[in-house]
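Chains as they are written, first to last, in my numbering: chain A, 1 to 358; chain B, 1001 to 1301.
Glycine included, every Cβ here is placed at the ideal spot set by N, Cα and C.
Encoded as structure tokens, the structure appears first; notes follow it.
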């Protein structure tokens, strides 16, 4: 293990031109870090848009091209999947709000490039949930989680119904009625998100407004318990912020909206760490205005480790502890103690007796 | 520098230390392992491959290690990892060398979409590459080992790497993997064949690996052009029968034998169409290896 320093991957994400200074073994490390962070295709895209692909060593280029071929295929499958969901829900006359990766993709955001994921996330009004679920089941999706406890837990406490999986295509969809679990301390009002969403086709496809898209990314990442894709999610925020910073009054809207949705803390973290780790250009006044009363010495020690690629070359001796503490923090944020203790006892018991494998 | 010029001590030391770096076809591999059978496997089968220095770009960092020291005495196991990540369940410790071959197959098949990868043996003679796609029981590896023992150049036993950029077939002259009865068949057919130790009781039965010829290894960066696409079928007691196959049927059949056809989309379809347009396509039934080898040698004139 080495001492904590800026990983080559972050250096190149900040300024792709610096890749041209790398020797072969540094390229080797860059590719490994990018692969472990699920950022290899995005790295390829950033190098390509900087016009650098033809100057890469052949060995490194092969890995990047391979990842890009895979990503290109993924976009075709994603487009098809979205059209199937759209078709399945068409007759309901309810807005279908795509979230995260699918939203970036449909909006044509730069953050969609090289972003590979396994589930399509959608948001629908809570009162439409039974009809949406019914329509999806009729169109071939099936629930994965058959355990009655999990079913009840999802429906009672979560912000989504148990994930559905398509019988033939084996694709997954997460149907949300909110973007954080009901048990979270600062739980946003989903109606405000829906009211602010934007229609992007003549049909029933909607996405969150730009400032809400950033806030959703921030909420998700900074309530997260596992950071295997932490840098990827931070890079999404970096790219969204760079892209939206040219919109009129974007920063003011973002700050205002974080108050309305009670998400000042996740926004503070998002701006702080994308600025610190990926040097996202954020106006000084916005960084100051987003400040919260938080012990940054402790949180820096945790996030500046956990948000690096999950690769041996990026770990120091504290990384494991930082990730574990953040895992506990995530449960603490998302569940009050009186729910968490019985839940964890039950889960541990079932794992011990071998009823659950995860 | 060739791997076989290193002493066993050096190889074991590198495997136990930062890893042994060597070239396998167009791929650079770094392998760490404390398992003695892995060192033996490399020494007997990978001797003709080049060892690389620390400045080289490594494509795949791999390791084969027991999951826990506690299990050293009770049903010992071994794990394959790719750059610190575990994608497979552990296998019995004695299968470590076979697990290296399977693990490396997976590394290549999952991360090399610059190629359309066909599950097929491919050998070359007089500048003509013969591709033998393999369904279980087809005997592709047996045919491949037999042809190679008679001087054909080994391009690959398991994966045919068809470049989507230039349509050439790129060599991957790794050991040929023989299963069960094929091991004896090849030892009888070509007694000079160098084989590593036989790994027993795997999911596929007993496995023996044949050392690739030094000549084939030396030509690892010389691609070849496809000439024949032949679907073999071993049929006990049958005559040697070569039947012409229409190009359209051949295309359909070969897509079923690709690892990443669905990933490549249009590129995959175009590459396969070009391959098939440039090749004569056949179905082939055989039981006598000698006749099979003679027939193909004639066909390659």
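DSSP places residue 1053 (chain B) in no beta strand (DSSP E); its state is neither H nor E. Between the C-alpha atoms of residue 105 (chain A) and residue 244 (chain A) there is a straight-line separation of about 15 Å. Of the other Cβ atoms in all chains shown, fewer than 16 fall within 10 Å of the Cβ of residue 156 (chain A); this residue is therefore exposed.
Residue 217 (chain A) sits away from residue 334 (chain A), with the two beta carbons spaced by 9 Å or more. Within chain B, the residues 1057 have their CB atoms less than 9 Å from the CB of residue 60 (chain A), given in chain order. Residue 141 (chain A) is classed as buried because its beta carbon has at least 16 other beta carbons within 10 Å across all chains shown.
Taking residue 273 (chain A) as reference, the option from A:322, A:252 and A:306 with the minimal CA-CA separation is A:306.
Proximity of residue 1112 (chain B) to chain A, defined by a Cβ-Cβ separation below 9 Å, is satisfied. When only Cα atoms are considered, residue 1141 (chain B) and residue 1025 (chain B) end up about 18 Å apart.
Contact between the region 1176-1191 of chain B and the region 1242-1251 of chain B is absent: fewer than 3 CB-CB pairs across the two stretches fall below 8 Å.
For residue 1028 (chain B), the beta-bridge partners assigned by DSSP are B:1023.
Residue 1264 (chain B) has a beta carbon lying within less than 9 Å of a beta carbon in chain A. Using a CB distance cut-off of 9 Å, residue 12 (chain A) does not count as an interface residue toward chain B. Under the DSSP definition of a beta bridge, residue 1005 (chain B) lacks any partner. Contact between residue 1027 (chain B) and residue 1117 (chain B) does not hold, since their C-beta atoms are separated by about 13 Å, which reaches or exceeds 8 Å. Annotation: residue 133 (chain A) to residue 57 (chain A) spans about 50 Å, alpha carbon to alpha carbon. Remark: C-beta atoms of residue 81 (chain A) and residue 185 (chain A) do not approach each other more closely than 9 Å.
Within the same chain, Cβ atoms closer than 7 Å to the Cβ of residue 279 (chain A) are found at 14, the five residues on either side in sequence being excluded.
If you look at residue 1179 (chain B), you'll find it isn't in any alpha helix (DSSP H); it sits in the beta strand (DSSP E) that goes 1176-1179.
Taking all protein chains shown into account, residue 263 (chain A) has 16 or more neighbouring C-beta atoms within 10 Å of its C-beta and is therefore buried.
Between the C-alpha atoms of residue 176 (chain A) and residue 299 (chain A) there is a straight-line separation of about 29 Å. Straight across, the Cα-Cα distance linking residue 1033 (chain B) with residue 1021 (chain B) is about 12 Å. Counting the other CB atoms within 10 Å of its CB gives residue 1262 (chain B) a total below 16, which places it among the exposed residues. When the alpha-carbon of residue 1156 (chain B) is set against those of B:1061, B:1136 and B:1145, the nearest one is in B:1145. For residue 1105 (chain B) and residue 1131 (chain B), the gap between their C-alpha atoms comes out near 18 Å. For residue 1016 (chain B), no Cβ of chain A is located within less than 9 Å of the residue's own Cβ. Judged by DSSP in its simplified three-state form, residue 1290 (chain B) adopts helix.
Judged by their CB atoms, residue 163 (chain A) and residue 173 (chain A) are nearer to each other than the 9 Å cut-off. From the listed residues B:1198, B:1004 and B:1283, the smallest Cα separation to residue 1023 (chain B) is found for B:1004. With contacts defined as CB atoms closer than 9 Å, residue 1114 (chain B) and residue 1225 (chain B) fail to qualify as a contacting pair. With at least 16 other beta carbons inside 10 angstroms of its own, residue 309 (chain A) counts as buried. With respect to residue 232 (chain A), residue 73 (chain A) sits apart: the two C-beta atoms are not nearer than 9 Å. Using a CB distance cut-off of 9 Å, residue 1221 (chain B) does not count as an interface residue toward chain A. Taking the Cα of residue 1222 (chain B) as reference, the smallest distance to any Cα among B:1006, B:1088, B:1173 and B:1047 is reached at B:1173. According to the DSSP assignment, residue 1159 (chain B) belongs to the beta strand (DSSP E) that extends over 1159-1163. Within chain A, no residue has its CB atom less than 8 Å from the CB of residue 1023 (chain B), the nearest being about 11 Å off.
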